[in-house]
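> Convert by adding 2 to the 1-based position in the sequence shown; the result is the number in the working numbering.
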Amino acid sequence: MATALDSPLVTRNPATGVEVGRASPAAPESVAAVVAEARRAQAAWAGLPWHERRRPLDRWLRILARDADAWADLIRDEVGKPAAEAMAGDVIPSLDSLRWTYGRAWASLIDERIGPGWQRMLLMPAGRLRWRPLGVVGMIGTWNYPLFLNAGPIAQALAAGCGVVWKPSELAVACGERLQASLEEAGFPAGLVGMVQGGGDVGAALLETPIDKVVFTGGVATGRQVLRAAAARGIPAVAELSGFDPAIVLPDAPLEPTVRALLWGAFVGCGQTCVAVKRVLVVGDPKPWAAALADAARRLVVGDPSRPGVDVGPMIDAHARDRFHSLIRSAVEAGAEALAGGGPIEGPGSFYEPTVLLGRTAESERALEGAFGPVVLVRGFASVDEAVAAANSAEMALAASVWGADRSAARAVARRVTAGTVGVNEAVTPAASAAAPFGGFKASGHGRTHGAIGLREFVAPQVLFERRAGGFRPQLFPYGDGRLVARFLRFYRSLFHPRA
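1) For V426, does the three-state DSSP call read helix, strand or coil?
2) What does the alpha-carbon distance come out to for the pair D313 and V284?
3) So is Y354 buried or exposed if we call it buried at 16+ other beta carbons inside 10 Å?
4) If you compare alpha carbons, which of E21, A192 and W73 is closest to A564?
5) Following the continuous beta strand (DSSP E) through K280, name the residue where it begins and the one where it ends.
6) Span of the beta strand (DSSP E) holding W168?
7) Between the alpha carbons of W133 and G375, how many angstroms are there, rounded?
8) Kindly confirm or deny that the stretch 193-205 and the stretch 24-40 touch, where touching means at least three C-beta pairs closer than 8 Å.
9) Tell me the DSSP bridge mates of A128?
10) By how many angstroms is the C-alpha of D297 removed from the C-alpha of A342?
11) Under a three-way DSSP split, which group does A399 fall into?
12) Inspect the beta-carbon positions of T357 and V377 and report whether they are closer than 8 Å.
13) Would you tell me roughly how many angstroms separate the C-alpha atoms of T219 and R300, rounded to the nearest one?
14) Along the chain, which unbroken stretches of the beta strand (DSSP E) at least 3 residues long are found entirely within the stretch 38-126?
15) If I'm right that L194 touches A43 with Cβ under 8 Å, what's the distance once you round it to whole angstroms?
16) What would DSSP say about G267, mapped onto helix, strand or coil?
17) Quick one: using the 10 Å Cβ neighbour count with 16 as the cut-off for buried, is I142 buried or exposed?
18) Given a threshold of 16 other Cβ atoms within 10 Å of its Cβ, counted over all protein chains shown, does A294 qualify as buried or as exposed?
19) Hey, would you say W102 sits closer than 8 Å to A188, going by beta carbons?
20) By the 10 Å Cβ neighbour count, where 16 or more other Cβ atoms means buried, how is Y147 classified, buried or exposed?
21) Buried or exposed: G140, going by 16 or more other Cβ atoms within 10 Å of its Cβ?
22) Can you give, in chain order, each stretch of the alpha helix (DSSP H) that sits fully within the stretch 289-376 and has at least 4 residues?
23) If distances are taken between C-alpha atoms only, which option among V175, L160 and L257 comes closest to S145?
24) Just the Cα atoms here: how many angstroms apart are L466 and M197?
25) So, are the CB atoms of W405 and T260 less than 8 Å apart?
26) Buried or exposed, going by whether 16 or more other CB atoms sit within 10 Å of the CB of F474?
27) For R492 and R470, I'd like the C-alpha separation in whole angstroms.
28) For T224, which of helix, strand or coil comes out of DSSP?
29) Need the endpoints of the beta strand (DSSP E) that D247 sits in, please.
30) With distance defined between alpha-carbon atoms, name the residue in I94, L209, P16 and W52 nearest to D163.
31) State the Cα-Cα distance for the pair A288 and L243, rounded to the nearest angstrom.
32) Which residues share a DSSP beta bridge with G504?
33) Hey, out of S385, K280 and A231, whose CA is closest to L360's CA?
34) Measure the beta-carbon distance from L209 to A231 and round it to whole angstroms, keeping in mind my assumption that it falls under 8 Å.
35) Comparing alpha-carbon positions, which option in G382, V277 and L229 lies nearest P290?
36) Roughly how many angstroms separate the alpha carbons of K444 and P346, rounded to a whole number?
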């Protein structure tokens, strides 16, 4: 266990200010001991056959399923989402992710035979590719999906045979405590999964330990600091650094159902979602779309998510709201017009109006990049080419969507968009797929989580070659006059590499 500091970490309900979580932060100098304990446990864990590693994974899945309603309520209280939204977007995807890992991980970790066979027959020994656990993985977690974005990578690292030391977000300490308690109840070996609560100093201390990989989920600025620190120590990293996600609306897209879907894509989680729709790029006149989105946004019910009928809860805290509001002001100063919202809501809680901006210039769009809150900007373009160019112009490239009645045409446009995940007539939801790899391009980070590709982030390929003792090896010394070797190599070339 890490040695704790005296001053506790406290989280409060962002709607009411009532205390939700309290935890003791780890002393940065004590983090190395937690990593050492995980490494001792990992050596035995990695040697277990898959059927033994999956038993505590199965128990963990069942524990999370048992406590699903309690998890939804805790996420509501600590993060500020309606409980139904927490269940649909955080709890159930977590269960799906663990079920995929429990049921399918073995298929991605079995040995593979190395070909081609003719090479083995003549010169190359037989080979097998095996997947070797990396060791101990450090994870720096996030707050906006405090179960899904933490439990999924932890499960995959454990399934791969790794140990884990993770730091929950200091904005979701109660969720972190509950998640760690569920791991302990599941019966994983003592020390295999260690948790260190704390802020940036604890995360920095984790990067100073001899971990074998780091997984970070968070903002671009902090993520770049993490990546620089990891690179300085030669630690490979998976980093998901948010997005500035575009939705390209083609001329044949039906207005009403598309607006309804875009509205949800923009304001789910109070817009504090890495794959939230931030830019609606309309091929044609943007004004009807902007007006329809603004009208729908004004009808959203904003308030304490514990009350019935609330659609949009608060932002995570007042500091996040203030930073967000400064970007809204910058976009308006750069030429955007606020058709709905545009400001904080007075009174208790860190509430902000669902905001729809009509972008007049590319500068107004760029000013909004990095805005993590309830806003969507609408711009118009004369052609699909211009809309695609605008979609691809952002520094971040995590997710995107294309909307249109002709799915074949929309699919063709989707293939031109630079983003890790692209939906056709769908936004946000694909990021919760347990089987699909998730991650972005450019400033949105690198590496992937989820599915087989995400699982293999926690293993390294090792190739084992073998042949029977003795046997025909014409390439060995002595060469002699070389005639025998030359005849053999001519035969080899003529058999497998004939001339044109």
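Cβ coordinates follow ideal geometry from the N, Cα and C atoms, glycine included.
With the structure as the only source:
1) strand
2) 26 Å
3) buried
4) In this structure the chain extends from 3 to 502, so residue 564 is not present and cannot be described.
5) V279 to V285
6) G165 to K169
7) 40 Å
8) yes
9) E468
10) 8 Å
11) strand
12) yes
13) 32 Å
14) 114-116
15) 4 Å
16) helix
17) buried
18) buried
19) no
20) buried
21) buried
22) 289-300, 320-335 and 364-368
23) Just to set this straight, residue 145 is Trp in the shown sequence, not Ser. The shortest Cα separation from W145 among V175, L160 and L257 belongs to V175.
24) 35 Å
25) yes
26) exposed
27) 25 Å
28) helix
29) D247 to V251
30) The identity of residue 163 in the sequence shown is Gly, whereas the question assumes Asp. Of the candidates I94, L209, P16 and W52, the one whose C-alpha sits nearest the C-alpha of G163 is W52.
31) In the sequence as displayed, the identity of residue 288 is Pro instead of Ala. Approximately 29 Å between the Cα atoms of the pair.
32) Because residue 504 is not part of the residues shown, which for the chain are 3 to 502, the question remains open.
33) K280
34) 4 Å
35) G382
36) 32 Å
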